[in-house]
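Right, one structure below, let's go through it.
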Amino acid sequence: MVHGESFVIPTRGNSDIKNITDQVQKIVSNSKIMEGIVNISAVGSTASISTIEYEPALVEDMQDQLEKFISHTAPTRHGSTWGDENGFSHIRATFMGPSITIPVSDARPILGTWQQIIVIDHDNRPRERRVFVQVIGE
Amino acid sequence: MVHGESFVIPTRGNSDIKNITDQVQKIVSNSKIMEGIVNISAVGSTASISTIEYEPALVEDMQDQLEKFISHTAPTRHGSTWGDENGFSHIRATFMGPSITIPVSDARPILGTWQQIIVIDHDNRPRERRVFVQVIGE
Amino acid sequence: MVHGESFVIPTRGNSDIKNITDQVQKIVSNSKIMEGIVNISAVGSTASISTIEYEPALVEDMQDQLEKFISHTAPTRHGSTWGDENGFSHIRATFMGPSITIPVSDARPILGTWQQIIVIDHDNRPRERRVFVQVIGE
């Protein structure tokens, strides 16, 4: 059995981090799938999916670390060739990857108590970011 | 067909790296699934799953690199706000992600000769870490 | 329904980045699966799968960042213990992970307009790199 839904979430870009756990749980419920997996994918080349303990201080820590990893002011060949000032966005996204997959059991995604699902929009401007959620199982 | 099992593995924390290839292969065998995928997920917000050539020198190299990426002594807002001294653990985990998925063929996970499946427990203390293994296929 | 195929792609190593979107789309077409997921895995402990806007300037930016993250000249215990000069390759691969999974809908992998699927071969020499593509769905 396969059940897929996508949704759009507005972000501010610059590695804005949004908690999408409720949306994912809703889609898993809609699927009526009891046991299986759920794949959560950001559509596009400048966003990532991961998990975090979603509290404001840690969210800022993560953003600091992304800035330390590759600064939004770092000159890139992508920028100098195309005039796109979001080379840093692409590199953060390729490094972290576009998606995660986690188990579904008892009709719920398996997460720890302090573990939430997030989209990180690395792009350098506000976006309407599409997230695709695919549930597979029985 | 879906077959899921979880197990608990004791870790020392601080990006302790444990080889869980045997446990995953056992669960794939138990599933009787011949062709499909296996999803391996660390439950919680301070651990990651990946693969490595599991030999002691390289395991230490990986730990050095995680320390260089973000030190366990780096001050974090998470620490100063909540008194949780594991901000670095969360950031390492969010960066690397909580899970991997690999193919199953001929009733075995597809891995290279020198490629083992690992859990990395980034937390700053020993843990009993739960790993969930979900096999899907036919 | 499960459909798996693997292919081999020649790389130059040293985080050579190859666009494998066409190969993946072909295998998804061969599968006749309309809705589901596709898992793309690099076989071995020195390669990664991710997505990127595949244009030459950005590909070089990504390689620069991998070199900055851990240089191919960085001394490693893996190198000094075994004489394998590819410690950096392993660390890049473990950090980025061996695989990605993305949704399949309407018989196509879901990707953004500027998003291509890549294998990054981190090894320190040319390789014939095997990539396994597993499609699951209905």
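First to last, the protein sequences are chains B, R and Y. At position 123 of the first sequence the residue is numbered 123 (this note's numbering), and the sequence of numbers has no breaks. Converting from the second sequence to this note's numbering requires adding 1000 to each position, the first position being numbered 1. Converting from the third sequence to this note's numbering requires adding 2000 to each position, the first position being numbered 1. Yeah, the Cβ is synthetic: ideal placement off N, Cα and C, and Gly gets one too.
Between the segment 96-103 of chain B and the segment 2065-2072 of chain Y there are fewer than three inter-stretch CB-CB distances shorter than 8 Å, so the stretches are not counted as touching. Contact between residue 2020/Y and residue 2120/Y does not hold, since their C-beta atoms are separated by about 11 Å, which reaches or exceeds 8 Å. Contact residues of the segment 1049-1081 of chain R toward chain Y are 1050, 1051, 1052, 1053, 1057, 1058, 1060, 1061, 1062 and 1065 (C-beta to C-beta distance below 7 Å).
Annotation for residue 1134/R: 1004 and 1039 place their beta carbon closer than 6 Å to its own, counting only its chain and skipping 5 residues before and after. Residue 1056/R carries a helical assignment under DSSP once its states are collapsed to helix, strand and coil. For residue 2024/Y, the enclosing alpha helix (DSSP H) starts and ends at 2021-2031. The residue among 1068/R, 1030/R and 1053/R with its C-alpha nearest the C-alpha of residue 1115/R is 1053/R.
Counting only Cβ-Cβ distances below 8 Å, residue 1004/R has contacts in chain B at 35, 103 and 105, in chain order.
Using a Cβ distance threshold of 9 Å, residue 1137/R and residue 1033/R count as a contacting pair.
Ranked by Cα distance from residue 2082/Y, the options 1051/R, 1056/R and 1105/R are led by 1056/R. Within the DSSP secondary-structure output, residue 1014/R pairs in no beta bridge. Taking 9 Å as the cut-off, the beta carbon of residue 2124/Y is found closer than this to the beta carbon of residue 2014/Y. Taking the beta carbon of residue 2039/Y as reference, the chain R residues within 8 Å of it are 1037, 1101, 1102 and 1103, listed in sequence order. If you draw a straight line from the Cα of residue 27/B to the Cα of residue 104/B, it comes to about 12 Å. Cβ contact annotation for residue 2044/Y (same chain, cutoff 6 Å, sequence separation greater than five): none.
In the DSSP assignment, residue 1091/R falls within the unbroken alpha helix (DSSP H) covering 1087-1096. At a C-beta separation below 8 Å, residue 115/B has these neighbours in chain R: 1043, 1044, 1045 and 1098.
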